[in-house]
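*Asks:*
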Amino acid sequence: MNQELPYDAFLRTLKENTDTGHVFLLGAGASISSGIQSAADCIWEWKKNIFITKNPNLSKQYSEYKSETIQRSIQRWLDNEGVYPKEGSAEEYSYYALKAYPIDDTRRKYFENICRNREPHLGYRLLCLLAKYGMVKSVFTTNFDGLVEKSAYQTGLTPIAVSLESTERIHRASSSNELLTVSLHGDFKYGPLKNTGAELDTQHNTFVAALEQHLYDKHLIVIGYSGRDKSLMEAIKKAYSKPGAGMLFWCGFGYNINQDVEDLINHLESHGRKGFYIPTEGFDTTLIHTCKTCLDDNQSFVKDVNDILQNNSIEGIEKTPFSMEVKQPHVLLKSNLFPVTFPTEVFQFEVPFKEDERVWATIRELTKGKNIVAVPLKKMVYAFGIQSQIRETFSGRLTGEIKRTPVTYNEVKDGSVFKNLYLKTIIDSLCQLYNLRTDGFEKIYLPNSKKIQSKNGIQYHLYDAIEVGLFFDNNIRSEKPFAYINLKPTFFLDSEEEIPKSLKFEVGKSYHEILYQGQPNVKFNNQLERWKSILFPNGKNLTFEYPQNSGTAFKFSISSGTMHVALAKAMGGYPFRFPNNFNKKSILHNGIQYKEPNLEFLDKLTGTVITDFHPMRGLTKNRPYDFSLNGNVFDPEINLGIICPNLYRVPVYDFLCRLNKTQTAGTSNPDYLIDYPGFINAYGIPFNVPDINSDLWKDSDINLPISNLMQSAKEFSDKIKKAIDQLEAVNKKLVLVIFIPTEWNIISDINNENEKFDLHDYIKAYAAQKQIATQFIQESTLKDSLVCQVNWWLSLSFYVKAQRTPWVLNGLESNTAFVGIGYSVNKKKDKTKVVLGCSHIYNSMGQGLKYRLSRVEDCYFDKQNNPYLSYQDAYKFGTLVRELFFNTMGEVPKRVVVHKRTHFKPDEIKGIVNSLKKSGVQQIDLIEVNFEENARFLSLYTKDENIVPGMFPLSRGSCFLLDSTTALLWTHGIVPSVKSDNRSYYLGGKNIPIPLKIKKHYGSSNIGTVATEILGLTKMNWNSFDLYSKLPTTIQTSNEIARIGWLLNRFEGKTYDYRNFM
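Take the sequence shown: its position 893, counting from 1, is numbered 893 in UniProt numbering, and each next residue is one higher.
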């Protein structure tokens, strides 16, 4: 439609018309962020109430009326009754308001209740600020909530409130400190309401005349209003039937414009007036952007905007310390961390560099082959070495003297430059002491371990090596502070030829498989002891000076013993038996091994909730969590539509039919995998594969020219899209199978200089816009020998994509909800970076409810290219999250936990917390969740008065504190076997488990709560039938969705269901 005005162009238009008075027309959508239901929500609540009063036995199952599945079921019942209006019709609102509450006073009471004690949120306050500065002259509203008047008072304006009982006041002359507010549907505080059909269709003539007068020379901005009231739309049409300068800006949510609004804009055009549709992300966001764009040269206005945005600011950062009550230990862990003390001063001097000079490269070249380690920081250089040699090396460049300057442990811990300086000095010293070699970065290798190998025509040298790093905990705050060096066994490759990444990956995979030989805990310990004997040949602590014996007093000391950690099992157990010769002083931390979270299912006979930690066993012995909803909320079966080339119909049909048969687990993965019982026995409902000649099969065959792969890829995707459209027309509830033959993999993922194409992401994005779930199946999957495992994984995928819930988490607080933040960064040709953010919310049962994509407009990047939000964008994020919760759950939870992979900057903390607290959230936890790259820990046990490594790695759920706000948590590790509690299962089984580093940036929740929640959320990724994922699903899904989201950027602001992206 050519009347669509881009959002940024709309903002620029407003900026050029700040001296023109504007009229706002607000609908129910403007009040959602203030905690008041939208008109659509009211309709669904009325429908639910009618349904439940007609079907009282189903009240519990249908309580969550905001669930799309519940809504679809209610609507089917309404449609079958044959007396209710068609869904989406204009008369729905008035019909259901009268049907649900036919008594006027009861209907009045309903609206009074949903508006009680509500405070105007951000958008209302900014709107009234624009009125205070003369940009807004009057506000018309269809709402009953009085939020415009409340906000006007709070802004220092006097509202001239006009309702059906006081229409004469609409023509009253107003002064500069007054704001005309007109309640078109009445106000339950002052007079009658208008919400039934008869009432809505008789707009007061005075209001109609006033609209004509206002819109003659003032621009009308409509926001939060659907256009459902026929009489109001007619009044607006009448107002724009006469000549005038005032324009219409209809701000809708997203890009979909309804027919009534399009007709109105066409009406304006036919009468010589101008009207535009503007796609927005909602009332609050639009008002934020308007205020940031307009009147930006008025410092008083800018200050008032910032004051509103930072209202209810944090008085200091609420960040209570983590604590643990650890009793008698049951478990002992050994680390790869060796305590180290290092110099507390370095040389500092100034060296000016040219503007285009590569500073790090220059310093490396100057110090090459010399006993000097130096790093640049700002305009200074910091170094270890002999002062005279440093002066000689930097002669001609030095400015001023070379001085010693103090450096604290915190500066080394938190500053990458100082960390680099100290680490490189330690590595160079160890190499000199023991005739070792370094790659110049973080690896030390044994020159006499060289193996000459070749692969893919490339000859290379393979060496045994260790990766060295620095690690810190709260010991840097002790009276005698110390840190740690960590040693990780690895390899080093050297070649005269360039070694591609793919070769490094292959060599590394093979090297570690041979190194660990299926016993990572034992073999890692053997390698650690090997390197320990090299670095500490006499078994004693190592002390050295840099340079050696130079008299600089730059002394380092490394302990020959490693840090140990003692854990108490939350479920109890036998105390750990320490040998008499064990030095308990090496136990530097104590922690807890938390219980494996349970999942909830329904008992087959009683329908009551049953728990089990194992998802497959929980399903086979019981029923899925939502089983009781089959036949009423859900269809009693799951149906497929299939898109594949005709040549493959038979093998694909046979493969899918396999899901309805039993399959033994065999010897594969015996401690986790159990026999597959067939779909109906696992999930309790039929799984229907359509007949091979059915119209539910669509052909996707194309000719595949090798010359133009991109053209073929687009032809293939267009054919799939067409098939999706055809199957959607047959049945929107189908789960669509998309089969990809192996020979077509070359057009499934293309990345050349000019264009990138990923078939999977492209089709997922297309189907998600239609709310259709898809399942890709590769030809290789048909031939996979792990038949039982494939059946389990694929059956779960079909069940979930049919909008079902197989299990939920047990034991979390019911008033808590979670949100994951993910980003995707896209570089344009002009090198500017555009960021797409994803907010994915989860309820207290771990169900991923909805997510929303949003373009991040004001962010900055760190050296690793990670985006961080400004205060305004962080506040906006909080507002979007609040809307997501309210729209999905019907209320704002008392506690919200936010997870993300990077740390929270001060602006992000203030923006998110201020926004959520303003929305009524009482408790907020901002948690950074990331992998700890350096520290590794081994499980130990006592044998014959000696402590030795266990056959298995440490247990999942192990946790201890590094400092008052940071903990290490193992979401990956051993768990009980499905066969017996005396056996163990380790997912993957090849490497040492890497812990997560959990850091609290804001909040008062203790580590027990935070860790238990994260452990639980690792079991809620329904895109896999693994017992758990390594990251909580809050983070995993957000990043995945943000990646695909670039194909949906025109639809940003729209809410999606994650199932359609799996």
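Ideal placement from N, C-alpha and C gives every residue a C-beta, glycine not left out.
Taking just the CA atoms, how far does P624 sit from Q769?
*Replies:* Within the model, the alpha-carbon separation for Q769 versus P624 is close to 28 Å.
*Asks:* Can you tell me which residues form a DSSP beta bridge with C788?
*Replies:* Note: C788 sits in no beta bridge, so no partner.
*Asks:* Could you give the residue range of the alpha helix (DSSP H) that holds W744?
*Replies:* That residue, W744, is in no alpha helix (DSSP H); it is neither H nor E in DSSP.
*Asks:* My guess is that T1018 and S1005 are in contact by the Cβ rule of under 8 Å, so how many angstroms apart are they, rounded?
*Replies:* Approximately 18 Å separates the beta-carbon atoms of T1018 and S1005; this is outside 8 Å, ruling out the contact.
*Asks:* For V139, tell me which candidate among F24, L220, K218, L122 has the shortest Cα-Cα distance.
*Replies:* F24
*Asks:* Specify the secondary structure class of Q803 as computed by DSSP and reduced to three states.
*Replies:* coil
*Asks:* How would you write the range of the beta strand (DSSP E) that K900 sits in, first residue to last?
*Replies:* 895-900
*Asks:* Which residue comes first and which comes last in the beta strand (DSSP E) that contains M250?
*Replies:* Residue identity differs from the one stated: residue 250 is Trp in this sequence, not Met. Per DSSP, W250 belongs to the beta strand (DSSP E) from 248-253.
*Asks:* Rounded to a whole number of angstroms, what is the C-alpha to C-alpha distance between T155 and R477?
*Replies:* 48 Å
*Asks:* How many angstroms separate the CA atom of F687 from the CA atom of H972?
*Replies:* 33 Å
*Asks:* Could you give the uninterrupted runs of the alpha helix (DSSP H) lying entirely in the segment 380-443, keeping only those of 4 residues or more?
*Replies:* 387-393, 409-414, 416-434
*Asks:* Taking a contact to mean a Cβ-Cβ separation below 8 Å, would you say I638 touches F739 in this structure?
*Replies:* no
*Asks:* So, for D907: in the same chain, excluding its five sequence neighbours on each side, which residues have a beta-carbon less than 8 Å away from its beta-carbon?
*Replies:* In the same chain as D907, and ignoring 5 residues on each side of it, the C-beta atoms closer than 8 Å to its own belong to Y868, L869, S870, Y871, A874, in chain order.
*Asks:* Would you report the Cα separation of T362 and P447, rounded to the nearest angstrom?
*Replies:* 28 Å
*Asks:* With a CB to CB cut of under 6 Å and the five nearest residues on each side skipped, what residues in its chain are close to R228?
*Replies:* A90, Y93
*Asks:* Mind checking which residues open and close the beta strand (DSSP E) that includes N486?
*Replies:* 483-494
*Asks:* Would you kindly report the start and end of the unbroken alpha helix (DSSP H) that includes C42?
*Replies:* 39-54
*Asks:* Buried or exposed for Y594, please, with buried defined as at least 16 other CB atoms from any protein chain shown within 10 angstroms of its CB.
*Replies:* buried
*Asks:* Tell me, please, which residues DSSP counts as bridged to F349.
*Replies:* Under DSSP, the beta-bridge partners assigned to F349 are V381.
*Asks:* So, L211 versus A239, is the Cβ gap smaller than 8 Å?
*Replies:* yes
*Asks:* Should P243 be labelled buried (16 or more other beta-carbon atoms within 10 Å of its own) or exposed?
*Replies:* exposed
*Asks:* Going by Cα to Cα distance, which pick from K997, L940, D464 is closest to H330?
*Replies:* L940
*Asks:* In three-state DSSP terms, what is H121?
*Replies:* coil
*Asks:* So, at 6 Å on beta carbons, what are the nonlocal neighbours of T18 in its own chain, with the 5 sequence-adjacent residues on each side left out?
*Replies:* M135, C294, L295
*Asks:* When you compare each of L248, R658, G224, L528 to K218 by their alpha carbons, which one comes out closest?
*Replies:* L248
*Asks:* From the DSSP output, in three-state form, read off P867 for me.
*Replies:* strand
*Asks:* Which residue comes first and which comes last in the beta strand (DSSP E) that contains C859?
*Replies:* 859-861
*Asks:* Under a three-way DSSP split, which group does A245 fall into?
*Replies:* coil
*Asks:* Using the Cα positions of N930 and T53, report the straight-line distance between them to the nearest angstrom.
*Replies:* 49 Å
*Asks:* Of the choices F51, G224, L179, G146, whose alpha-carbon is the least far from that of G27?
*Replies:* G224
*Asks:* Which residues in the same chain as E945 place their Cβ atom closer than 8 Å to its Cβ, once the five residues preceding and following it in sequence are excluded?
*Replies:* P579, N580, N581
*Asks:* Provide the residue span of the beta strand (DSSP E) that contains residue 1093, from first to last.
*Replies:* This structure cannot speak to residue 1093, because the chain is shown only from 1 to 1062.
*Asks:* Any idea if L647 is buried or exposed, counting beta-carbon neighbours within 10 angstroms, 16 or more meaning buried?
*Replies:* exposed
*Asks:* Confirm, please, whether the CB-CB distance from F492 to Y511 is below 8 Å.
*Replies:* no
*Asks:* For F1025, which residues from the same chain have a beta carbon less than 6 Å from its beta carbon, with the 5 sequence-adjacent residues on both sides left out?
*Replies:* W792, W793, L796
*Asks:* From the DSSP secondary-structure annotation, give me the bridge partner or partners of R623.
*Replies:* BP columns for R623 point to L602.
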